[in-house]
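Participant:
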């Protein structure tokens with residue numbers, strides 16, 4: 011009976027050493043991490059839009075050190091709504107404000123940043139009639155979010 015008790019006791023000691031080593035490692039890493047410089051966390055606004063609109067297809071990007079959301083707005087309302095009522099817009103996620111609006115009659119936005127340019131792709135619905143029918147995909151490019159160059163990339 012003494013021998014099995016010793017085996018349990020030795021196993022307990024080994025498990026305790028492993029547990030204490032893990033706790034010591036975690037504490038060491040935690041103390042070290044507190045001395046590192048980390049970016050300041052900023053709470054983002056809860057509501058995505060002050061205008062009560064829900065962003066449809068959207069892409070978050072960091073452009074000129076700003077956290078932005080490139081999105082599109084497509085109104086609902088059936089036959090009373092025209093494709094011309096839809097548009098692309100950029101929303102600042104830190105201030106909660108719209109930065110710019112462009113791309114009338116465009117939808118399904120997707121974006122990326124390359125160097126100092128913001129590139130946005132979206133479907134063009136400007137030639138639609140009663141049924142919304144895309145006529146192609148346009149590429150919008152801007153370095154200042156004010157002046158946009160547009161070109162048709164897919165017919």
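In my numbering, the protein residues as written are 11 to 165. Glycine is no exception: its CB is placed at the ideal position from the N, C-alpha and C atoms. Predicted model only: the values in this text are computed from it and were never measured.
#1: So residue 96 and residue 74 are supposed to be a Cβ contact under 8 Å. How far apart are they, rounded?
#2: Pop quiz: residue 132 and residue 148 are said to be a contact at Cβ under 8 Å. What is the actual Cβ separation, rounded to whole angstroms?
#3: State buried or exposed for residue 30, treating a residue as buried only when at least 16 other CB atoms are found within 10 Å of its CB.
#4: Are the CB atoms of residue 98 and residue 123 nearer to each other than 8 Å?
#5: Where does residue 165 sit, in a helix, a strand or coil, going by DSSP?
#6: Where does residue 148 fall in DSSP's three states?
#7: Mapping DSSP to helix, strand and coil, what is residue 107?
#8: Assign residue 125 to one of two classes, buried (16 or more other C-beta atoms within 10 Å of its C-beta) or exposed (fewer than that).
#9: Could you please give the first and the last residue of the uninterrupted beta strand (DSSP E) stretch that includes residue 81?
#10: Return the CA-CA distance between residue 102 and residue 165, expressed in angstroms with no decimal places.
#11: Using DSSP with H/G/I as helix, E/B as strand and the rest coil, what is residue 95?
#12: Anyone know if the C-beta pair for residue 78 and residue 100 falls short of 8 Å?
Facilitator: On the basis of the coordinates in this document:
#1: Counted from its first residue, the chain shown places residue 96 at position 86. Counted from its first residue, the chain shown places residue 74 at position 64. Incorrect: roughly 26 Å between the Cβ atoms, too far for contact.
#2: Stepping through the chain shown from its first residue, residue 132 is reached at position 122. Stepping through the chain shown from its first residue, residue 148 is reached at position 138. Going by Cβ atoms, the distance from residue 132 to residue 148 rounds to 6 Å, so yes, they are a contact pair.
#3: As a position in the chain shown, residue 30 is number 20, starting the count at 1. Classification for residue 30: exposed.
#4: The residue you call residue 98 lines up with position 88 of the chain shown. The residue you call residue 123 lines up with position 113 of the chain shown. Not closer than 8 Å, so no.
#5: Here the question's residue 165 lines up with position 155 in the chain shown. Correct three-state label for residue 165: coil.
#6: The sequence position of residue 148 within the chain shown is 138, counting from 1. Of the three classes helix, strand and coil, the one that applies to residue 148 here is strand, per DSSP.
#7: The count along the chain shown starts at 1 and reaches residue 107 at position 97. Reduced to three states, the DSSP call for residue 107 is coil.
#8: Reading the chain shown from its first residue, position 115 is the one you call residue 125. Classification of residue 125: exposed, given that the 10 Å Cβ count is below 16.
#9: Residue numbering aside, residue 81 sits at position 71 when the chain shown is read from its first letter. Taken as a continuous stretch (DSSP letters only), the beta strand (DSSP E) holding residue 81 covers 76-83.
#10: Translated into positions along the chain shown, residue 102 becomes position 92. Translated into positions along the chain shown, residue 165 becomes position 155. Looking at the two C-alpha atoms, the distance is approximately 31 Å.
#11: For this step, residue 95 is matched to residue 85 along the chain shown. Correct three-state label for residue 95: helix.
#12: Position 68 of the chain shown, counted from the first residue, corresponds to residue 78. Position 90 of the chain shown, counted from the first residue, corresponds to residue 100. Yes, the pair counts as a contact, with Cβ atoms nearer than the cut-off.
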